[in-house]
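So the structure is just underneath, and the comments pick up after that.
Chains as they are written, first to last, in the working numbering: chain D, 471 to 928; chain V, 48 to 1131.
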């Protein structure tokens, strides 16, 4: 059996047995939900409904209910889109890349991170949909045979690449997530007594029997999917960044965007995972599985990606000066000194300065500070996209068209609404789905469990 | 009837006779047939049998072969399903709206083919020879009568947009008496007996120029011993009186700016609103062609930065009270050059050096100099006359022609003042007001309104129940100029005809005809017109075809400088004050007669770029020093001040205007129409967030802007368009002003605007395109020995065109390549192209709130850039950092140089918009057009983001149906939407639109050429903007046609592509602006 060095911190704390793990994960599904869950889902549900209402109003009336205009044709819509896609990245990175790298600590967090990915991508996909002037003909972005003869999509357009990238990403993530859930659904099925829920979970578990053959295939599929998903981690946000990089707009047209966007995405994704998990471990009493060590690992990822992002910001500034192109250099001067400089400095503070605090061990192992900083990072990453989109557009080439963007209640309402929908989906997930990959966790109990590690097992 | 049945019939006859018996008993009864009548047994059997006839069910079911039929159960269900579905579908069929063809097709009307009719526009202020484009009997576009018009029929935005006024649903629908509808017959009967009863009869009209119209007026005058008073909304009476005093001619001379070598204008906005500004604009451009070598030099002395001032080579800001001083100073200096003296001119507070310079230039271009002044002061105008006489400008071939004067501006304010007095005293019995609105337009409007209650009979012949008409007993709807025959005569030497191009839309009758009826003439005005001009059929028909014929003789006037010129000049008194107001007219709204025209309200003022409002312009320095808001944008609203003018108070927002004289305020006339809720048109009122008209506390709708006519005063019965001794205070309130351009300077980006001075241009005009110092190609260095000098260095560079990611579009040299050239030297920024584009392309009007959030839909706009005192070079020299320099460059100079740059889709051959559209809704045509396929567009708006020129416009809402736009967008009004061009799609919500280079005209022109079997001739196809341009600054044509105008112009040394460095390779070429300035006085 695989043994781990004693000086490595255990990944599962306490004296957990296999049964304990099953109890801890399946318990919340079988037992009645606690009152706070109902309170929370009521709140998030109301926010979600408000957001849906705003979306209906938008679709019914026109894109003009947002604050967009002839100069700034994208603002919160695409900011939110990129932000949500970025958040989605952590899930895939954790489940796929860390799986390939055999990082066992991922097992405590991958399930919820993947769920987060799915929900975040759904939220992300909402925005390119509703931001279209004519949503009802949005399917024209798909290369479908059509009644107009050979009318085809434009393969030069990065927006089309986006359609492919996001839809591929979403389907692979969904399949990957679902495959991982199958053995756990089977465990729940086996625990349940009531016929209807048992039937449902039985269907969900695809007749998993737990035989060795099942497990072999499960492992194989997981590896194959991880192999497919890993390049997607890099491709999706690279392609999203090309929505900007292939344009001619100063501040968008930069070759640095793909790597910079990918690290930014991982950066914000991990921050969002931390935000969610720090609440979940407390509420669902999962402290033994998701503990300081996990948080510390994630904080290290945040330092690394945050620093990459910081270097990218400075590189952009350097290149804008070094290029000698007046439009390019003005775009960046305007970014930090123009009318939207407040957004730039929020971005710089949140994304470049705040993650550096994690160099201090005390801070990166402090759960409350981590929670606060994780939110700060996500605010910063939202502003990063806002800065790129709005400040680049509001003053581009022709000064006669320089304008301003001011958000309206609908801009804000729909964004808050998607947070509500996202949270509602996540709460439903926490209630009805196994929030930890319990069967995977069981594989590391004997090697990384605290009691086994220190030979204190009974 | 079968055999067995007939047998039964006979049998029944024998046995049953019941009904027959009843008949015999003479009771009334009905029977269903002979069976019942005879009550046959068969009948008796039949009535007991529920189902008549043989039932075949058993036979059918018993049929052994039933199972052998090919129609199985499934087929049955299929048929059933099909029938049901087809029945359902048939029920769902959309209602068919049938187009009914002509029963007898009129010879000249072919559906889908436009007809053009020559006509004349004259509203007493603006005058143009026009061609009216009609489609299926609807006039939809006004263009200039290039072949037969004065100055090629040059028109302006107001004339261009006037077609929309025809379709105004607010027009008076029929004759009214005391607010009740009456018939024309009863109106005529009433009036024939009422006119002249109980006092004097007065007819008030604007300046009427047509001989036939004047004859009709004379007939009326004779019949009722009536007095005819002329009232013009804007007065030029001082010019007339000055000419009367100096030369004995009560006339406004014809100015010819085309012949001028030096132009000095003191407060005359002759490119925008002063007299026949549209004609002057055309002339001005002719005298300012740098290619000709000698370009007229233009000096402007004025308080506001007017459109004219923004085009001047040298401009000095002076207070309106100082106009006389400037004129006097120029006169005095010219006199001393002529060896005379006697005028005591003081140059206190004036730019003495500039006046010197101007005087020197005037003197050296004697005979071809021109001095004009916007003042309505007799002494000042007489001194201007003296200056022009001294310079010999009246000589034959000179810049001023008094022998063939303008027939405009005949009004005299003294007459109106007298009328008010007479009405008040009760000596006037009948007032007939024909197309005049003195309650609004006169500074004595209130007094006029009060006096109007006195006469027994007050008649308004008007299109609207406006401020004046609504106070009259009778409102008789007149006809729109497109609905009636008329004649006009701007110049003594010719008569221009106006012909109806549509039947009157309402129950209206033209004013001349009404006068004839009341006079007792029963013939139509058309007959009267024919009779007046007495032309033979052929001459007349040619006149109607051309819209004009040469007419009256020319005056002879002997012009010598008036003997008392010096004493007149010395009599000019100037009493300035700390704060003064100059009242001006905006290019779009003019005197406000078309304030209800949404195209004009949405046309940005060429200088301030503000739409839908008037305001108080104040110098940037005054705004700063008084702590008023100097940045006006979406959320940054203008400070409101309360002005006290001649005892009247008005609150207006302050617009910081570079170039405004410190201590002066500019206020536009023509706003605040229908302030008491008169029906002057939907667009004259402010709208709220839901599109409803905003109302005041008392429920009356709030007008757009404030009426400044009420603030005017008169000096010796001449209205003065300025006020002194005024005061103002801050109110602390703010008010949003909707501007289409919130950034004023070009930020040193010479990729956008290129300009130079005349000397530089002349020394380099023979260079090849792209090599002149002021217009160099953008080249990028490459690591290759391009120039073949054996080494790779900075000289090895390729034109930016050579760097391309995509394969080039095969447009150069293949087929057509449509393109435009735009001469920034000729463009005055008048905005005629903007309204022309609006009307040609059904561009939606979106209203103030949307313009405020930068959502104006103009396909064609005119960017206005001010120079800044600061530049990166200056920053470097002064050791100021780049960032701080950019900050300072955002501020325009206090007296800036201005560039007007028309901007529309550049139809790039490497269009950034085309590559990014996911659904290929915007593509490149093989004729070089960047085309927009509306019904393919899904509205991602990436194309708009990626456009370096920001010319794409998105349909944020359904402008044709969403209630927010019901009071601003003509397409939402049942009548106004008749103005829409049927050749152009009205775009739906959620799609992108932009300049198509009038692709409908290109297609039409190509079809014509194909039918004629000839290649498309240069000039046969003209875009709407090029057609409307009075200076021909915009040229349209085929760049692949080696002989085309655009091809040769695009090869000019001044020609450049805007933002060439982006590599978009546009099909629009700009010609760099040349200023007639001394090369060393850049900072002037």
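Ideal Cβ placement from N, Cα and C applies to all residues, glycine included. On a predicted model such as this, the values are computed, not experimentally measured, just so you know.
Under DSSP, the beta strand (DSSP E) around residue i begins and ends at which residues?
i                      : result
residue 1207 (chain V) : This structure does not reach residue 1207 (chain V), given that chain V is present from 48 up to 1131, and the question cannot be answered.
residue 534 (chain V)  : 533 to 535
residue 977 (chain V)  : 977 to 979
residue 788 (chain D)  : Unbroken run through residue 788 (chain D) is the alpha helix (DSSP H), 762 to 793; no beta strand (DSSP E).
residue 40 (chain V)   : Nothing can be reported for residue 40 (chain V): it is not among the residues displayed for chain V, which extend from 48 to 1131.
residue 274 (chain V)  : 274 to 277
residue 649 (chain V)  : No beta strand (DSSP E) contains residue 649 (chain V), which is instead part of the alpha helix (DSSP H) from 645 to 649.
residue 775 (chain V)  : 774 to 782
Cutting at 6 Å between CB atoms, please list the residues of its own chain near residue i, excluding the five before and the five after it.
i                      : result
residue 498 (chain V)  : 467, 470 and 471
residue 1111 (chain V) : 955 and 957
residue 345 (chain V)  : 310, 359 and 360
residue 988 (chain V)  : 1001
residue 808 (chain V)  : 337 and 1121
residue 403 (chain V)  : none
Among all the DSSP beta bridges, which residues are the ones paired with residue i?
i                     : result
residue 713 (chain V) : V:629 and V:664
residue 185 (chain V) : V:182
residue 865 (chain V) : V:1085
residue 247 (chain V) : V:475
residue 299 (chain V) : V:453
Counting C-beta neighbours from all protein chains within 10 Å, is the total for residue i 16 or more, i.e. buried, or is it exposed?
i                      : result
residue 195 (chain V)  : buried
residue 620 (chain V)  : exposed
residue 570 (chain D)  : exposed
residue 488 (chain D)  : exposed
residue 919 (chain D)  : buried
residue 532 (chain V)  : buried
residue 622 (chain V)  : exposed
residue 1006 (chain V) : buried
Tell whether a beta-carbon distance below 8 Å holds between residue i and residue j.
i                      : j                     : result
residue 875 (chain D)  : residue 578 (chain D) : no
residue 326 (chain V)  : residue 197 (chain V) : yes
residue 887 (chain V)  : residue 188 (chain V) : yes
residue 722 (chain D)  : residue 548 (chain D) : no
residue 1167 (chain V) : residue 867 (chain D) : The question about residue 1167 (chain V) has no answer, for chain V in this structure spans 48 to 1131.
residue 425 (chain V)  : residue 285 (chain V) : yes
residue 168 (chain V)  : residue 181 (chain V) : no
residue 150 (chain V)  : residue 645 (chain V) : no
Spatial neighbours of residue i within its chain, please: C-beta separation below 8 Å, excluding the five flanking residues on both sides.
i                     : result
residue 914 (chain D) : 481, 482, 574 and 577
residue 902 (chain D) : 499
residue 683 (chain V) : 676
CB-CB under 7 Å to residue i, same chain, minus the five flanking residues each way: which ones, in chain order?
i                     : result
residue 878 (chain D) : 535, 536 and 537
residue 714 (chain V) : 628, 630, 661, 663, 699 and 755
residue 221 (chain V) : 228, 524, 553 and 554
residue 645 (chain D) : 695
Between which two residues does the alpha helix (DSSP H) carrying residue i extend?
i                     : result
residue 630 (chain D) : 628 to 661
residue 908 (chain V) : Looking at the DSSP string, residue 908 (chain V) is not in any alpha helix (DSSP H); the run it does join, the beta strand (DSSP E), is 908 to 913.
Run the proximity test for residue i: is its beta-carbon closer than 7 Å to any non-hydrogen atom belonging to the ligand GDP?
i                      : result
residue 1069 (chain V) : Among the ligands in the structure shown, none appear at all, so the ligand GDP cannot be discussed.
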